[in-house]
Amino acid sequence: MQDQDRTILRALQDDCRISNQDLAGKAGMSASACWRRVRALEEAGVVRRYVALVDAAEAGMAFHAMVHVTLTRHDHSHVETFIAEVGRRPEVLDCFATTGEADYHLRVVCADLADYNAFLEGFLFRLPGIANVRTNLVLKNIKQETAIPL
Numbered sequence: 116m117q118d119q120d121r122t123i124l125r126a127l128q129d130d131c132r133i134s135n136q137d138l139a140g141k142a143g144m145s146a147s148a149c150w151r152r153v154r155a156l157e158e159a160g161v162v163r164r165y166v167a168l169v170d171a172a173e174a175g176m177a178f179h180a181m182v183h184v185t186l187t188r189h190d191h192s193h194v195e196t197f198i199a200e201v202g203r204r205p206e207v208l209d210c211f212a213t214t215g216e217a218d219y220h221l222r223v224v225c226a227d228l229a230d231y232n233a234f235l236e237g238f239l240f241r242l243p244g245i246a247n248v249r250t251n252l253v254l255k256n257i258k259q260e261t262a263i264p265l
């Protein structure tokens, strides 16, 4: 990856609505060359998509939890089902397969405790192969970043 690519990526992470002209100026290149570099980064999968960062609490999703899930055994069909079903749930913002006590760690947002309970009882507890679910409530957001350090 070239230095200009890193400059472009840093600028896009800071403000993905930046104009191509302004982006080119920051990267020290012509607008057409910058446009081609951005397209190449998108096509290579380095830039996956562009999003708006929404404040969950301000949008009515004030319940925030880290959910630790352990499967009964790593039966291939249970793992595939878990991954597919979790991927379809909008409440699940992140899902990580990890080493350690839990097999998966989910970052979940809901409107309130009742909605979270419905998520657990109506969805998570009904998945095959779930051995244990442990919830840690997020009391305060200390740091939350989306930009990777380049």
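Quick note on numbering: the sequence shown equals residues 116 to 265 in our numbering.
Each residue gets a CB set at the ideal place from its N, CA and C atoms; glycine is no exception.
From G244, R152 and C210, pick the residue whose C-alpha is nearest to that of T185; which is it?
G244
Which runs of the beta strand (DSSP E) at least 3 residues long sit entirely within the region 177-257? Give them in chain order.
178-186, 207-212, 219-225 and 245-252
With a Cβ-Cβ cutoff of 8 angstroms, do H223 and V182 count as a contact?
The question names His, but residue 223 in the sequence shown is Val. Yes, the Cβ-Cβ distance between V223 and V182 is below 8 angstroms.
When you compare each of V253, E260 and H189 to F178 by their alpha carbons, which one comes out closest?
V253
Just confirm the distance between the C-beta atoms of C225 and E206, as a whole number of angstroms; I'd bet it's less than 8 angstroms.
6 angstroms
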